[in-house]
Amino acid sequence: MIVPVGGRSGPRGPEGSGDPGQVPRPARQTLAAGAALRRRFWATVPARLRLLRAASVLPAAALAVLLTVAGLAANGMWDGVAGRDAPRTISAADLDLALNDMDAQAANILLSNGDAGEGRLRTPYEKALGVYGDARREIGHDLRDLAVAAQGDRSDEKTVENLTDDFAEYQELIGRALENDGRPGGKPSALVDYRRATDLLRSSLLPDSRRLVSSNDRAFDAQYTAARSTLSGQLLAVVALGLLLLVALGALQWYLTRRFRRILNPPLLAATACALLSVILGAQMPASSEANLRGARRDAFDSVVALSRAQAIAYDANADESRYLLDRQRRDRYAQSFLAKSQQLYGLKGATLSSYDADLATTWQAYESDHHDLRFTGEFRRELDNITFPGERAAAEQTVRTYAVYQRDDRKIRALLAAGKEKEAVEFCMDWEPGTSNAHFGAWMAALDKVTDINRQHFAASVQAGRSDVRTELPWECGLLILVIALTALGLRPRLAEFR
């Protein structure tokens, strides 16, 4: 029997199962493929140069794409902020204000008309009639805007529908009140209709309008939070890709220096400088967008919302004075309502109408000595705690001072009425001559408008700055990255040509 040399007899098993040291075919194929890849992409100098070139070019291209997408997204964000989020919140706030103004002017018309025009206070009557018409048109405009803004949000759509229906009913009641007031002896009937109208305003129209203010403001805030998160993510991505690009260019420069005994490659050095500049500008774009967004929303628009609420409350409080004089049966109710609105504006713990003026003077003097003094609350406090822009503090403080004058006028009206001087009380309340309550109310609203305008101007400036940064920086960033790609190719071209 012949025994094979170096082996043992017997049938051979499946391939790869005999000798433990033999490598299985799949592993041999994997090793062979890896060796082929190394020969193709790293084993030779040209292969290494091409691989390092790709490692530098790809991050530059990816960074250019990322910055382009981020720039387009930033433009869309600013379009949303300026064209949708802020306007619909402002429209809701304007609706709240116009509803209060319209009801106040309706009360003023009834109060100044006398008996079917007999004994009419002509200037207050004509002024109230004109402002009433303006407020009614403003409400119609705001309702149309809010109906468009509410599309897709079933809750807001329903709120706008209810507002539209209730406003139609409210106009009908006010129309009947004015019609009855035009008849001799029709004041009692007019007062009944006005009560029903103002009750509808308080029970349905104002709560719904304020719900829209809060809903639209929350939607804006959610968009703001999401946008800041996106910008932070973009900033991290830009920095990561930028570092990868710089490392790749550094590795390429190092390899050329080591392999070709050259200290520096000028095109690659220029490419590295361009890459560094593009990374700095690229990181600056989302960072500046985030800063401008915060300026628009937190620094400016938060104050706009607080001041808009304050203005709506002010008009409602002013209406309570007219209602107080108009409706004897509800005077206690309207006096307490006026105090409640005063507390919303400038909150003083435990204050009553008789003590409010003294408490306001004491706490305001303390605030002027120490701006961190917290003895009062309310919408004015909210604004004073968010002072950001030049001239804003002086304007906000002037608003409180004019408010204090108006509050003192209210006590004078009530004192005249308590002394049986109803005609003098009505004239002081409704006249527009200097030194009267309406004149002081107008001065208060002018001061409030000035603070609001400061914040609105800075909101618009922040939006404009955000858009301008994107338009200015994005072309430079992408241009620099294209230059990086071109310079990298140019720097390697002579080296690769040596191997042809």
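Counting from 37, one number per residue, gives the positions in the sequence shown under my numbering. Glycine included, each C-beta is placed from N, C-alpha and C at the ideal position. Only a predicted model underlies this, so the values are computations on that prediction, with no experimental measurement involved.
Can you say whether R219 is buried or exposed, counting buried as having 16 or more other CB atoms within 10 angstroms of its CB? What you label residue 219 is simply residue 183 of the sequence shown in a count that begins at 1. R219 should be labelled exposed.
Excluding sequence positions up to five away, which residues of its chain have a Cβ less than 6 angstroms from the Cβ of V228? Residue 228 sits at position 192 when you count from the first residue of the sequence shown. None.
Distance between L384 and D15 (C-alpha atoms, nearest Å): With the chain covering 37 to 536 only, the question about residue 15 has no answer from this structure.
Please report whether the beta-carbon of V520 lies at a distance below 8 angstroms from any beta-carbon of chain C. The chain inventory of the structure shown lacks chain C, comprising one protein chain alone.
If you run the structure through DSSP and keep just helix, strand and coil, what is E154? On the sequence shown, residue 154 is found 118 positions in, with the first residue counted as 1. Three-state result, E154: strand.
Using the Cα positions of Y382 and P426, report the straight-line distance between them to the nearest angstrom. Counted from its first residue, the sequence shown places residue 382 at position 346. Counted from its first residue, the sequence shown places residue 426 at position 390. When rounded, the distance between both Cα atoms is 23 angstroms.
Quick one: measure Cβ to Cβ for N252 and R124, integer angstroms, because I've assumed they're closer than 8 angstroms. Residue mapping note: residue 252 aligns to position 216 of the sequence shown, counting from 1. Residue mapping note: residue 124 aligns to position 88 of the sequence shown, counting from 1. Your pair N252 and R124 checks out as a contact, with CB atoms roughly 5 angstroms apart and the cut at 8 angstroms.
Check G383 in the structure and name its three-state DSSP category. Locating residue 383 in the sequence shown gives position 347, where the first residue counts as 1. In the structure shown, G383 sits in a strand (DSSP, three-state: E or B).
Proximity to A323 [Cα-Cα], best of T293, V275, R359 and V283: Here residue 323 refers to the residue found at position 287 of the sequence shown. Nearest C-alpha to A323: V275.
Where does T508 fall in DSSP's three states? In the sequence shown, counting from the first residue as 1, residue 508 sits at position 472. Helix.
Extent of the continuous alpha helix (DSSP H) to which W400 belongs: On the sequence shown, position 364 is the one that residue 400 refers to. Here the alpha helix (DSSP H) through W400 covers Y392 to S405.
Whose CA, out of G386, L375, A454 and S344, lies closest to the CA of A483? Against the sequence shown, residue 483 aligns to sequence position 447. Ranking G386, L375, A454 and S344 by Cα distance to A483 puts S344 first.
Should I316 be labelled buried (16 or more other beta-carbon atoms within 10 Å of its own) or exposed? Taking the first residue of the sequence shown as 1, we reach residue 316 at position 280. Exposed.
Classify T413 as helix, strand or coil using the three-state DSSP reduction. Here residue 413 is taken as the residue at index 377 of the sequence shown, counted from 1. Here T413 sits in strand by DSSP.
Range of the contiguous alpha helix (DSSP H) that encloses V436: Numbered from 1 along the sequence shown, position 400 holds the residue referred to as residue 436. Note, V436: alpha helix (DSSP H), E428 to A454.
Following the continuous alpha helix (DSSP H) through Q347, name the residue where it begins and the one where it ends. Position 311 of the sequence shown, counting from 1, holds the residue named residue 347. Here the alpha helix (DSSP H) through Q347 covers D338 to L362.
Assuming A461 and L361 are in contact, meaning their beta carbons sit under 8 angstroms apart, how far apart are those beta carbons, in whole angstroms? Mapped onto the sequence shown, residue 461 falls at position 425. Mapped onto the sequence shown, residue 361 falls at position 325. With a Cβ gap of about 6 angstroms, A461 and L361 count as contacting.
Helix, strand or coil, according to DSSP, for E197 in the structure here? Working through the sequence shown from its first residue, we reach residue 197 at position 161. Three-state DSSP puts E197 in a helix.
Secondary structure of W290, DSSP reduced to three states: Taking the first residue of the sequence shown as position 1, residue 290 is located at position 254. Helix.
Assuming P123 is part of the alpha helix (DSSP H), what are its boundary residues? Here residue 123 refers to the residue found at position 87 of the sequence shown. Note, P123: alpha helix (DSSP H), A122 to S148.
Would you report the Cα separation of A348 and V499, rounded to the nearest angstrom? Looking up residue 348 in the sequence shown gives position 312. Looking up residue 499 in the sequence shown gives position 463. Whole-angstrom Cα-Cα distance: 26 angstroms.
According to DSSP, simplified to helix, strand and coil, what is A186? Counting from one through the sequence shown, the residue named residue 186 turns up at place 150. The answer is coil: DSSP assigns A186 none of H, G, I, E or B.
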